[in-house]
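Chemist:
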Amino acid sequence: MAARQDDIFEVVARPTIEECLKGINGTIFAYGQTGSGKTFTITGGTERYVDRGIIPRSVSYIFERIGSLSDAQYRVYISYLEIYNDNGYDLLYRESDDVSELHN
Numbered sequence: 003m004a005a006r007q008d009d010i011f012e013v014v015a016r017p018t019i020e021e022c023l024k025g026i027n028g029t030i031f032a033y034g035q036t037g038s039g040k041t042f043t044i045t046g047g048t049e050r051y052v053d054r055g056i057i058p059r060s061v062s063y064i065f066e067r068i069g070s071l072s073d074a075q076y077r078v079y080i081s082y083l084e085i086y087n088d089n090g091y092d093l094l095y096r097e098s099d100d101v102s103e104l105h106n
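So that you can map any letter, position 102 of the sequence shown is 104 in this note's numbering, and since no number is skipped, the others follow by simple counting.
(1) Whole-angstrom Cβ separation of I64 and I44, contact assumed at under 8 Å?
(2) Can you check which of these residues, E21, T18 and A5, is closest to K40 by C-alpha distance?
(3) Between F42 and chain C, is there a C-beta pair that is closer than 8 Å?
(4) Return the first residue and the last residue of the alpha helix (DSSP H) that G69 is part of.
(5) Which whole-angstrom value is the C-beta distance of Y91 and E84, which I expect to be below 8 Å?
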């Protein structure tokens, strides 16, 4: 039986987010063979709302939680990177339609 997107969020992302809200850095890393479902798990499907992946669920959850905590201020930083064939890519880079290759 395949795992549902909401189950993956609850087990993987939610605990990481809760720690981040306490000031501890967090990373969610998907690793696996090409075609194994990493992109679907991270970003989700486009057809059904229930298929939202870890990123859209996490962003919604983070800002819901921040909105409910009136006694604190938060600064949110998000990175979305891909490592493919020993090269790193910034998937949020939007200067053009190309993704930006990361260099040391």
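A virtual CB, placed ideally from N, CA and C, is assigned to each residue, including glycine.
Modeler: Concretely, from the data shown:
(1) By 1-based counting over the sequence shown, the position of residue 64 is 62. By 1-based counting over the sequence shown, the position of residue 44 is 42. No, I64 and I44 are not in contact; Cβ-Cβ is about 15 Å, not under 8 Å.
(2) The residue given as residue 40 occupies position 38 in the sequence shown. When each option's Cα is compared against that of K40, the closest is A5.
(3) Absent here is chain C; the protein component of the structure consists of one chain.
(4) Translated into the one-based positions of the sequence shown, residue 69 becomes position 67. That run of the alpha helix (DSSP H) goes I56 to S70.
(5) Numbered from 1 along the sequence shown, position 89 holds the residue referred to as residue 91. Numbered from 1 along the sequence shown, position 82 holds the residue referred to as residue 84. Yes, Y91 and E84 are in contact; Cβ-Cβ is about 5 Å, under 8 Å.
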